[in-house]
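Line by line, the protein sequences are chains A and B.
Numbering-wise, the numbering used here comes out as the position in the first sequence, counting from 1, plus 582.
Numbering-wise, the numbering used here comes out as the position in the second sequence, counting from 1, plus 68.
Cβ coordinates follow ideal geometry from the N, Cα and C atoms, glycine included.
See below for the structure under consideration.
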Amino acid sequence: MGVEGLPRYRMLYSKDGPARFISHLDLVRTFERVIRRADIPAAFSTGFNPHSIFSFAAPLQVGIGGESEYLDIQLKNEVPPEELYTSIGSVLPEGLCIKEVWQVPDDSPALMSVVEWAEYKVKVGLEEKLNAGALEEYINSFLKQPGIVVRRKAKKGRVKNIDIRPGIYDLGGLIKDNILILQMKLKTGSNGSVRPGEALDAFLGHNSLAVKPVETDIVRTRVFLRLT
Amino acid sequence: MIPGANFILNRVQKPARYVGGEWNIVRKNWESVSVKVAFAFPDTYEVGMSCLGLQILYCVVNSRRDALMERVFAPWIDMEKEMRERRIPLFSLESQKPVSDFDILAFTLQYEMTFTNVINMLDLAGLPLHADQRTGKHPLVIAGGPCAFNPEPLSGFVDLFVIGEGEEVFSELLDLWIDLKERANRERFLVEASRIPGVYVPHLYEVSYQDEKIKLIKPQLEEIPVAVTKRVARNFDRVIFPDSPIVPTTEIIHDRIMLEIARGCTRGCRFCQAGMIYRPVREKSPVTLVSQARKLAASTGYGEISLTSLSASDYSCINDVVHQLLDELQDKKTSISLPSLRVDAFSIDLAKEIQRTRRAGLTFAPEAGTQRLRDTINKGVTEEDLLTAVSAAFAAGWSALKLYFMIGLPTEKMEDIEGIVLLSRRVLEKGLSMGVPPGRAKVTVSVSSFVPKSHTPFQWEPQAAQDYLLSAQKTLKRLLKEKSLVFHWHDPKVSFIEAVIARGDRRLGKTLEKAWSLGCRFDGWSECFNDYLWQKAFKLTGIEPESYAYKKYAYEDLLPWDHIHTGVSKKYLIREHQRAMSAEVTPDCRAGNCPGCGLCAEFHMEPELYGGRRIAKIQDVV
Chain A
583 MGVEGLPRYR
593 MLYSKDGPAR
603 FISHLDLVRT
613 FERVIRRADI
623 PAAFSTGFNP
633 HSIFSFAAPL
643 QVGIGGESEY
653 LDIQLKNEVP
663 PEELYTSIGS
673 VLPEGLCIKE
683 VWQVPDDSPA
693 LMSVVEWAEY
703 KVKVGLEEKL
713 NAGALEEYIN
723 SFLKQPGIVV
733 RRKAKKGRVK
743 NIDIRPGIYD
753 LGGLIKDNIL
763 ILQMKLKTGS
773 NGSVRPGEAL
783 DAFLGHNSLA
793 VKPVETDIVR
803 TRVFLRLT
Chain B
69 MIPGANFILN
79 RVQKPARYVG
89 GEWNIVRKNW
99 ESVSVKVAFA
109 FPDTYEVGMS
119 CLGLQILYCV
129 VNSRRDALME
139 RVFAPWIDME
149 KEMRERRIPL
159 FSLESQKPVS
169 DFDILAFTLQ
179 YEMTFTNVIN
189 MLDLAGLPLH
199 ADQRTGKHPL
209 VIAGGPCAFN
219 PEPLSGFVDL
229 FVIGEGEEVF
239 SELLDLWIDL
249 KERANRERFL
259 VEASRIPGVY
269 VPHLYEVSYQ
279 DEKIKLIKPQ
289 LEEIPVAVTK
299 RVARNFDRVI
309 FPDSPIVPTT
319 EIIHDRIMLE
329 IARGCTRGCR
339 FCQAGMIYRP
349 VREKSPVTLV
359 SQARKLAAST
369 GYGEISLTSL
379 SASDYSCIND
389 VVHQLLDELQ
399 DKKTSISLPS
409 LRVDAFSIDL
419 AKEIQRTRRA
429 GLTFAPEAGT
439 QRLRDTINKG
449 VTEEDLLTAV
459 SAAFAAGWSA
469 LKLYFMIGLP
479 TEKMEDIEGI
489 VLLSRRVLEK
499 GLSMGVPPGR
509 AKVTVSVSSF
519 VPKSHTPFQW
529 EPQAAQDYLL
539 SAQKTLKRLL
549 KEKSLVFHWH
559 DPKVSFIEAV
569 IARGDRRLGK
579 TLEKAWSLGC
589 RFDGWSECFN
599 DYLWQKAFKL
609 TGIEPESYAY
619 KKYAYEDLLP
629 WDHIHTGVSK
639 KYLIREHQRA
649 MSAEVTPDCR
659 AGNCPGCGLC
669 AEFHMEPELY
679 GGRRIAKIQD
689 VV
């Protein structure tokens with residue numbers, strides 16, 4: 583990303599409430615404006631249409647909450663991270679919330695290139711009662727499959743078949759008041775990602791579980807970066 | 069948020085339209101205010117949020133301690149379906165509360181083709197559609213905006229209309245509401261409100277007909293005015309202006325700061341309703357503009373400021389202001405754009421200076437293809453003006469230009485249609501002769517159909533017949549065959565319905581309701597417009613649409629909107645109509661000669677031009 587030699591800061595933020603429905607493209611626009619509103623020495627790109635220099639770790643699908651999302655931003659000069667935290671934190675639209683800011687080396691690899699996997703918490707309302715023992719069997723039987731093929735829309739209206747099994751790194755679950763809570767660790771990053779929705783549908787389909795779709799809720803709880 | 073929100077929002081397109089939470093929204097405690105207003109925009113979020121009027125009234129109401137305003141937009145087709153299936157009533161964005169919980173529901177009418185959406189929103193809110201079926205337990209339904217200047221087609225659905233600019237009258241209305249809410253019923257309130265200048269309560273006026281013609285429009289009570297005169301914001305430089313407007317998180321149509329530099333235009337184009345209803349011209353001072361721009365840039369974070377007015381380059385010291393703004397905003401990397409450019413070299417020089425890239429094409433509006441017809445519509449632009457302007461644009465590096473024309477204008481002949489082709493070709497040839505590479509040179513010719521609008525010199529004129537418009541379009545399509553000339557046209561069927569509503573009277577209300585009940589929504593959107601349903605609605609309600617769109621009125625006829633007064637005299641409109649018929653131009657009053665539109669005398673005011681100058685420098689008046 584961006585320009586070498588400019589101080590770089592990493593931000594951990596959450597995206598929930600109305601901000602869940604900001605698409606990735608709109609989130610870029612939104613942060614562009616957040617940075618302009620914040621009283622900080624933002625660095626701008628050169629060229630006809632200067633824009634501030636920042637980048638994300640991994641796009642989040644519209645409608646999914648994010649508890650710990652990363653953003654890198656470059657400034658013209660160094661600023662204490664606490665100051666950035668306050669300046670940016672006070673100009674965010676509802677649902678975006680800054681949790682932490684720290685400085686990273688100017689030459690750190692781009693955020694996008696170091697994402698390995700993400701963890702999701704998926705809540706689903708069950709139509710029928712399910713006990714913990716049965717759930718464990720469902721999970722084991724699901725993961726034991728040699729391949730899990732899902733259909734994904736490709737360009738020009740075509741449909742692609744993809745095996746997501748290798749990208750499901752871990753799957754755990756529990757039942758609480760007839761709500762199934764699944765924890766998924768899914769491959770994420772520039773070399774391909776598994777979407778939580780497709781993993782969920784595949785799991786429910788494999789085990790013929792009936793759910794109340796209205797109560798489904800997905801949150802990305804963690805994005806894992808490979809840092810050397 | 070609404071119950072089951074996540075689920076529903078994950079099923080609809082652009083869910084950000086319905087969630088609120090944008091930067092700079094105002095969310096007040098409902099218990100702390102005396103009156104709660106829902107501002108309803110009867111089109112999509114992206115269109116509505118681009119409307120400066122919304123931001124202005126949001127600021128006017130929310131800066132009062134005793135009132136709150138929240139927003140609601142027309143849900144798109146997919147969202148309407150979800151809402152109806154789940155019985156979710158129309159709700160506001162700020163508090164996500166049902167619209168029926170508000171005291172006042174205020175619609176803005178920007179375009180006739182949103183009228184079925186107004187009815188649909190009343191229905192989605194769970195309100196009785198007809199004003200006479202609603203009581204004190206329902207919100208008061210009010211409407212304003214340019215289309216309120218012919219309020220009659222919607223008069224059965226709306227309790228009161230606000231005619232003209234809302235900055236002052238809206239607050240007066242809220243004062244009255246608060247004063248009377250404990251001690252008067254709905255009817256008493258409406259009678260009292262009708263005494264506020266600019267307020268029109270349709271059911272207090274009786275319309276009688278004779279042989280299909282309107283015979284009389286008469287107030288039912290002695291104490292209310294025979295004609296309702298529009299409101300005008302005076303002392304425009306000091307008028308309330310939102311310096312912390314809402315910044316959407318999703319992309320909207322005009323996704324930038326809108327800084328209104330002036331209001332009104334006295335060029336006097338004879339087809340243009342905005343030019344008549346927003347008189348007089350009032351400018352803001354450069355000092356005010358620079359200070360507002362600074363605040364807006366800081367509070368919104370937008371990287372672009374658009375200087376808006378009906379004709380931005382007519383602002384009397386536009387050069388000074390642009391340069392001051394460029395200096396002021398330089399370190400913020402904020403760019404400036406001018407959305408409305410005049411056809412002259414001066415404007416191009418200005419555009420050249422401020423536009424960082426040449427990607428966005430430049431648009432010119434000669435409106436008609438021959439000098440005679442341009443004189444008839446008082447467009448006061450010559451072919452030489454246009455060619456000088458486009459030369460300047462090509463020289464400055466633009467290679468794609470857009471020309472905007474109308475067809476079906478009064479007195480139009482075949483040679484005028486051919487004139488569009490000749491003029492467009494000349495513009496293209498100019499570009500090629502100046503060295504624009506043939507592969508890159510592009511002239512887009514956008515042609516719409518003339519719709520006669522109320523309160524203009526052409527209000528008496530019929531719309532051209534559908535057959536004529538279709539054949540004119542065909543001719544244009546046939547003649548504009550060069551690859552570099554791209555022809556765009558509008559569906560004349562939509563323009564026909566627009567003309568029917570624009571010239572409609574009270575009898576049309578039942579047709580609008582029928583069209584809505586048959587399923588008409590978002591009629592201004594080509595993917596939604598359904599002519600078959602409209603024709604069916606006309607048939608079922610016994611209305612001949614041709615008798616509205618194609619009617620040629622006589623000067624003595626009583627027009628459906630004659631009790632709404634813009635301050636521009638009928639005498640002037642008649643004189644302008646007559647001059648049009650003999651292709652005589654009338655210069656802008658800012659050039660020194662008052663053409664006697666009557667407005668200044670009516671309102672005891674004068675154009676507010678910066679520095680008190682009465683005469684602006686106008687380059688292209690013949």
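Practice task
Could you tell me the distance, in whole angstroms, from the CA atom of B:A204 to the CA atom of B:I210?
Solution key: Residue numbering aside, residue 204 of chain B sits at position 136 when the second sequence is read from its first letter. Residue numbering aside, residue 210 of chain B sits at position 142 when the second sequence is read from its first letter. For the record, residue 204 of chain B in the displayed sequence is Gly; it is not Ala. Those two C-alpha atoms are separated by around 14 Å.
Practice task
Would you check if the distance between the CB atom of A:M766 and the CB atom of A:L786 is smaller than 7 Å?
Solution key: Counting from 1 along the first sequence, the entry for residue 766 of chain A is found at position 184. Counting from 1 along the first sequence, the entry for residue 786 of chain A is found at position 204. Cβ atoms of A:M766 and A:L786: not closer than 7 Å.
Handout entry: Beta-ladder partner(s) of A:E656, from DSSP
Key = Locating residue 656 of chain A in the first sequence gives position 74, where the first residue counts as 1. Correcting the residue type first, residue 656 of chain A is Gln in the shown sequence and not Glu. For A:Q656, DSSP records a beta bridge to A:R590.
Exercise for the section: Answer with yes or no whether the minimum CB distance from A:T668 to chain B is below 7 Å. Expected result: Residue mapping note: residue 668 of chain A aligns to position 86 of the first sequence, counting from 1. For A:T668, the answer is no, since every Cβ of chain B falls outside 7 Å of its Cβ.
Problem - Integer Cβ distance of B:N74 from A:D783, believed to fall under 8 Å - result: Taking the first residue of the second sequence as position 1, residue 74 of chain B is located at position 6. Taking the first residue of the first sequence as position 1, residue 783 of chain A is located at position 201. Not a contact, Cβ separation roughly 16 Å.
Problem - For B:E676: DSSP bridge partner residues - result: Your numbering for residue 676 of chain B matches position 608 in the second sequence. DSSP lists B:R350 as partners of B:E676.
Handout entry: From B:D134, B:M137, B:L190, B:L77, residue whose alpha carbon lies closest to that of B:E150
Key = For the purposes of this step, residue 150 of chain B is identified with residue 82 of the second sequence, where counting begins at 1. Relative to the Cα of B:E150, the nearest Cα in the group B:D134, B:M137, B:L190, B:L77 belongs to B:L77.
Exercise for the section: Compare the beta carbon distance of A:K681 and A:L809 with 7 Å and say whether it is the shorter of the two. Expected result: Start at 1 with the first residue of the first sequence, and residue 681 of chain A comes out as number 99. Start at 1 with the first residue of the first sequence, and residue 809 of chain A comes out as number 227. The Cβ atoms of A:K681 and A:L809 do not sit closer than 7 Å to each other.
Exercise for the section: Report back the beta-carbon spacing between B:P196 and B:V226 to the nearest angstrom; my notes put them in contact at under 8 Å. Expected result: The sequence position of residue 196 of chain B within the second sequence is 128, counting from 1. The sequence position of residue 226 of chain B within the second sequence is 158, counting from 1. At roughly 13 Å, the Cβ-Cβ gap does not stay under 8 Å, so B:P196 and B:V226 are not in contact.
Exercise for the section: Name the one or two DSSP bridge partners that B:A330 has. Expected result: Here residue 330 of chain B refers to the residue found at position 262 of the second sequence. Answer by DSSP bridge pairing, in chain order: B:E351.
Practice task
Use the C-beta contact count for B:R155: other C-beta atoms within 10 angstroms, 16 or more gives buried, fewer gives exposed.
Solution key: In the second sequence, counting from the first residue as 1, residue 155 of chain B sits at position 87. With fewer than 16 other Cβ atoms from the protein chains shown falling within 10 Å of its own Cβ, B:R155 counts as exposed.
Problem - Host alpha helix (DSSP H) of B:F107 (start-end) - result: Residue numbering aside, residue 107 of chain B sits at position 39 when the second sequence is read from its first letter. B:F107: not part of any alpha helix (DSSP H); member of the beta strand (DSSP E) spanning 103 to 109, first to last residue.
Problem - Positions along the stretch 677 to 696 of chain A whose CB lies within less than 8 Å of some CB in chain B - result: Per Cβ criterion, the list reads G677.
Exercise for the section: For B:V80, decide whether its Cβ has a neighbour in chain A, counting only Cβ atoms nearer than 7 Å. Expected result: Position 12 of the second sequence holds residue 80 of chain B. Not closer than 7 Å to any Cβ of chain A, the Cβ of B:V80 fails to qualify, so no.
Practice task
Out of B:R152, B:M117, B:Q123, B:C127, state which residue places its alpha-carbon closest to the alpha-carbon of B:F141.
Solution key: In the second sequence, counting from the first residue as 1, residue 141 of chain B sits at position 73. Among B:R152, B:M117, B:Q123, B:C127, the Cα nearest to that of B:F141 belongs to B:M117.
Exercise for the section: Locate the alpha helix (DSSP H) running through B:A570, then write down its first and last residues. Expected result: Reading the second sequence from its first residue, position 502 is the one you call residue 570 of chain B. 560 to 570 is the span of the alpha helix (DSSP H), which, as asked, contains B:A570.
Exercise for the section: Scan the stretch 365 to 377 of chain B for residues whose Cβ lies nearer than 8 Å to a Cβ of chain A and list them as they occur along the chain. Expected result: Answer in chain order: A365, A366, S367, T368, G369, Y370, G371.
Practice task
Determine the direct distance from the alpha carbon of B:T634 to that of B:K298, and round the result to whole angstroms.
Solution key: In the second sequence, the residue the question calls residue 298 of chain B occupies position 230. In the second sequence, the residue the question calls residue 634 of chain B occupies position 566. Each residue's Cα considered, the two are about 5 Å apart.
Practice task
Mind reading off the beta-carbon distance from B:V186 to B:F170? Whole number of angstroms is fine, and I expect it under 8 Å.
Solution key: Residue numbering aside, residue 186 of chain B sits at position 118 when the second sequence is read from its first letter. Residue numbering aside, residue 170 of chain B sits at position 102 when the second sequence is read from its first letter. 16 Å between Cβ atoms; not a contact.
Exercise for the section: Could you spell out where the alpha helix (DSSP H) holding B:N130 opens and where it closes? Expected result: Position 62 of the second sequence, counted from the first residue, corresponds to residue 130 of chain B. First-last of the alpha helix (DSSP H) with B:N130: 120 to 130.
Problem - DSSP-derived helix/strand/coil call for B:M502 - result: By one-based count along the second sequence, residue 502 of chain B stands at place 434. Three-state DSSP puts B:M502 in coil, outside helix and strand.
Handout entry: A:L708 - DSSP class collapsed to helix/strand/coil
Key = One-based indexing of the first sequence puts residue 708 of chain A at position 126. In the structure shown, the three-state DSSP call for A:L708 is strand.
Handout entry: Interface residues of chain A facing B:G429 [CB-CB closer than 7 Å]
Key = Against the second sequence, residue 429 of chain B aligns to sequence position 361. Going along chain A, no residue has its Cβ under 7 Å from B:G429, so there is no contact; the nearest lies around 16 Å.
Problem - Residue of B:N92, B:R571, B:K96 minimising C-alpha distance to B:Q341 - result: Residue 341 of chain B sits at position 273 when you count from the first residue of the second sequence. The alpha carbon of B:Q341 has as its nearest neighbour, out of B:N92, B:R571, B:K96, the alpha carbon of B:R571.
Exercise for the section: Output, in chain order, the set of chain A residues within a Cβ distance shorter than 8 Å of B:N74. Expected result: For the purposes of this step, residue 74 of chain B is taken as the residue at position 6 of the second sequence. Using a Cβ-Cβ cut-off of 8 Å, B:N74 is close to R602, G645, T798, D799 of chain A, given in chain order.
Practice task
Ignore the nearest five residues each way along the sequence and tell me which others in B:W245's own chain have a CB closer than 6 Å to its CB.
Solution key: Position 177 of the second sequence holds residue 245 of chain B. Excluding positions up to five away in sequence, the list reads V103.
Problem - C-alpha distance - B:I488 paired with B:D559, whole-angstrom precision - result: Here residue 488 of chain B refers to the residue found at position 420 when the second sequence is read from its first residue. Here residue 559 of chain B refers to the residue found at position 491 when the second sequence is read from its first residue. Rounded to whole angstroms, the separation of the alpha carbons of B:D559 and B:I488 is 18 Å.
Exercise for the section: Using three-state DSSP, classify B:M117 as helix, strand or coil. Expected result: Counted from its first residue, the second sequence places residue 117 of chain B at position 49. B:M117 falls in the coil class under three-state DSSP.
Exercise for the section: Determine the chain B residues that contact A:T612 at a beta-carbon separation under 7 Å, and present them in chain order. Expected result: Counted from its first residue, the first sequence places residue 612 of chain A at position 30. Under a criterion of Cβ atoms nearer than 7 Å, the residues of chain B adjacent to A:T612 are, in order, T317.
Exercise for the section: Taking only heavy atoms of the ligand NAD into account, decide whether any of them is closer than 6 Å to the Cβ of A:I655. Expected result: Ligands in the displayed structure: none, and consequently the ligand NAD is not present.
Practice task
Would you check if the distance between the CB atom of B:S223 and the CB atom of B:R575 is smaller than 7 Å?
Solution key: The residue you call residue 223 of chain B lines up with position 155 of the second sequence. The residue you call residue 575 of chain B lines up with position 507 of the second sequence. Not in contact: B:S223 and B:R575 (Cβ atoms no closer than 7 Å).
Practice task
Please compile the residues from chain A whose C-beta is within a distance smaller than 9 Å of the C-beta of B:A464.
Solution key: Mapped onto the second sequence, residue 464 of chain B falls at position 396. The contacting residues do not exist; B:A464 stays about 14 Å from chain A at best.
Problem - Proximal residues to A:T770 (C-beta, below 6 Å), its chain only, five neighbours per side dropped - result: Counting from 1 along the first sequence, the entry for residue 770 of chain A is found at position 188. Within the same chain, and ignoring the five residues on either side of A:T770 in sequence, the residues whose Cβ sits closer than 6 Å to its Cβ are A640, V697, W699, A700.
Problem - Touching by the beta-carbon criterion (3+ pairs, under 8 Å), the stretch 789 to 807 of chain A and the stretch 84 to 91 of chain B - result: Contact between the stretch 789 to 807 of chain A and the stretch 84 to 91 of chain B is absent: fewer than 3 CB-CB pairs across the two stretches fall below 8 Å.
Problem - Neighbourhood of A:S690 by C-beta distance below 7 Å, restricted to the same chain and skipping five residues each side - result: The count along the first sequence starts at 1 and reaches residue 690 of chain A at position 108. Around A:S690: R590.
Practice task
Could you please give the first and the last residue of the uninterrupted alpha helix (DSSP H) stretch that includes A:R829?
Solution key: The structure shown does not extend to residue 829 of chain A, since chain A is modelled only from 583 through 810, so no value can be given for it.
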